[in-house]
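Encoded as structure tokens, the structure appears first; notes follow it.
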Amino acid sequence: MYPLGSQRTLFDIPEGVAYFNTASNAPQLNASRARLLEAAGAKSRPWERQPSDFFAEAESIRSLAADLFGADSDAWAVVPAASYGLSAAARAIEPTLEPGDRILVMADEFPSNVLPWRRAAGQAGAVLTTVATPADGNWTAAILEEIRPGVRVVALAHCHWTNGALLDLTQISAACRRIGAVLVLDVTQSLGALPLDLATVDPDFLVAAGYKWLLCPYGFGLMYVAPRWRDARPLEETWLARTGAEDFANLVNYSDVYRPGARRFDVGETCTATILPAAIAALEQLRAWGIARVAESLGAIADRIAPELEARGFGVLPATRRAPHMFGATLPGRDDGDFAASLRDRGVFVSRRGQSIRFAPHLHVTEADLAQLVAALDRTGS
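If you read the sequence shown in UniProt numbering, its first letter stands for residue 1, the second for the next number, and so on.
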């Protein structure tokens with residue numbers, strides 16, 4: 001059906017459930033669940049945990065992130081949520097803002113990439129500018145038109161969270177560099193499913209929650225920090241991010257020196273013994289599949305769904321304007337919330353986000369799921 005084939009046996013999804021809602025919450029891999037349960041049981045035996053264990057799993061995460069997405073392990077921090085990472089980025093950038101500086105965000109963006117900038121703008125006297133939704137779906141052109149002198153921060157996604165509208169980050173990054181603007185990316189809705197050339201795009205900060213396209217547990221995320229920002233003040237002062245933290249007997253000798261790279265941006269209790277092993281299993285599986293092959297496979301699934309929707313009167317962005325792994329469909333005059341509920345009653349799970357019904361498959365999707373979706377569309381009516 002698609003390059004990687006259905007991977008449903010790696011998930012615990014019963015027959016009759018056609019799940020196209022990864023952009024809301026990805027199903028957990030069986031391997032991740034097994035490690036999560038094993039790690040939860042280990043808490044009953046705390047005498048087996050050594051000081052080195054407080055650091056080893058986070059370092060494995062950094063290494064996997066570097067293998068999958070680029071840079072080196074020093075570039076990556078472990079965070080609990082996109083909002084945490086974006087707040088840390090805003091905290092680092094805020095002292096560099098001057099009154100009248102502009103911060104660009106997209107219309108109808110997810111709150112995590114708006115609220116920190118509202119606060120930073122208010123504190124610094126900067127101006128938060130919202131780029132209006134383009135009628136033709138060309139977000140890249142709309143954003144490029146706004147990137148001009150006076151813009152200090154450009155806070156974007158790789159694709160819009162409501163409908164998968166795609167941004168050309170290479171063009172946008174080049175425009176930011178020309179005027180010295182800081183580029184901050186929330187790639188929660190793309191990291192793990194959409195290739196990103198980190199070296200070419202060269203964002204200042206990049207953040208992703210893990211429970212969607214990274215297939216990781218809730219409460220885990222990744223944050224990339226460019227070398228030019230690694231001396232910035234972090235959001236919190238966790239002792240685990242200081243040199244000498246491995247020597248528990250000498251923690252009373254407080255260190256003012258951070259561990260190298262982006263580790264200062266780690267959340268406190270990075271060493272959580274349950275979430276990280278499950279996240280490692282998920283990232284290992286993504287590495288085995290390969291991000292490019294995941295994107296190609298999900299694109300093949302989306303290309304099966306989109307024509308079925310268009311044939312029933314739905315509006316769908318052209319393939320050149322949308323991400324391969326998720327997209328939104330609209331139908332004027334219909335209550336999209338009722339439509340999503342009607343599909344759910346037939347065992348087909350999608351989301352309404354903004355004005356769109358959002359379709360977000362993953363590799364668990366089978367031919368039977370696609371047939372179930374088409375049948376549900378026909379029974380629901382258009």
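Glycine is no exception: its CB is placed at the ideal position from the N, C-alpha and C atoms. Note that the coordinates shown come from a computational prediction; the quantities given were computed from them, not determined experimentally.
Based on Cα-Cα distance, which residue from Leu283, Val207 and His160 lies nearest to Glu57?
-> With distances taken between Cα atoms, Glu57 lies closest to Leu283.
Just confirm the distance between the C-beta atoms of Val225 and Ala208, as a whole number of angstroms; I'd bet it's less than 8 Å.
-> About 13 Å separates the CB atoms of Val225 and Ala208; that is not less than 8 Å, and the two are not in contact.
Contact between the stretch 250 to 263 and the stretch 101 to 115 (3+ Cβ pairs under 8 Å) | Counting C-beta pairs closer than 8 Å gives fewer than three between the stretch 250 to 263 and the stretch 101 to 115, which falls short of the contact rule.
Going by CA-CA distance only, name the one from Leu215, Asp338 and Ile301 that's closest to Asn25.
-> Nearest in C-alpha terms to Asn25, of all of Leu215, Asp338 and Ile301, is Leu215.
Which word fits Gly299, buried or exposed, when buried means at least 16 other C-beta atoms lie within 10 angstroms of its C-beta?
-> Gly299 comes out buried.
Could you have a look at Val207 and say whether DSSP puts it in helix, strand or coil?
-> Correct three-state label for Val207: strand.
Is Ala18 closer than 7 Å to Asp338 when the C-beta atoms are compared?
-> Not in contact: Asp338 and Ala18 (Cβ atoms no closer than 7 Å).
When the Cα of His325 is compared with those of His362, Gly16, His160 and Ala71, which residue comes out closest?
-> Across the set His362, Gly16, His160 and Ala71, the C-alpha of His362 shows the shortest separation from the C-alpha of His325.
Compute the Euclidean distance between the alpha carbons of Ser60 and Glu310, then round it to the nearest angstrom.
-> One C-alpha to the other measures close to 44 Å.
Is any heavy atom in the ligand FAD found nearer than 6 Å to the beta carbon of Asn30?
-> Looking for the ligand FAD in the displayed structure turns up nothing, as the structure carries no ligands at all.
Proximity to Ala273 [Cα-Cα], best of Arg45, Met106, Phe11 and Gly290 | Among Arg45, Met106, Phe11 and Gly290, the Cα nearest to that of Ala273 belongs to Arg45.
Where does Arg259 fall in DSSP's three states?
-> DSSP places Arg259 in coil when its eight states are reduced to three.
In the DSSP assignment, what residue or residues form a beta bridge with Phe327?
-> For Phe327, the beta-bridge partners assigned by DSSP are Phe359.
Start-to-end residues for the alpha helix (DSSP H) that takes in Arg152 | Unbroken run through Arg152 is the beta strand (DSSP E), Val151 to Ala157; no alpha helix (DSSP H).
CA-CA distance, Gly313 and Leu331?
-> Taking the straight line from one Cα to the other gives about 7 Å.
Under 7 Å, do residue 460 and Ala142 count as touching if we go by C-beta distance?
-> The shown model of the chain, from 1 to 382, leaves out residue 460, and the question about it has no answer.
When you compare only the Cα positions, how much space is there between Ser351 and Leu377?
-> Straight through space, the alpha carbons of Leu377 and Ser351 are spaced by roughly 14 Å.
Using three-state DSSP, classify Ile61 as helix, strand or coil.
-> If DSSP states are grouped into helix, strand and coil, Ile61 belongs with the helices.
Buried or exposed: Leu37, going by 16 or more other Cβ atoms within 10 Å of its Cβ?
-> Classification of Leu37: exposed, given that the 10 Å Cβ count is below 16.
Give the DSSP bridge partners of Ser173, in chain order.
-> Among the bridge pairs identified by DSSP, Ser173 is matched with none.
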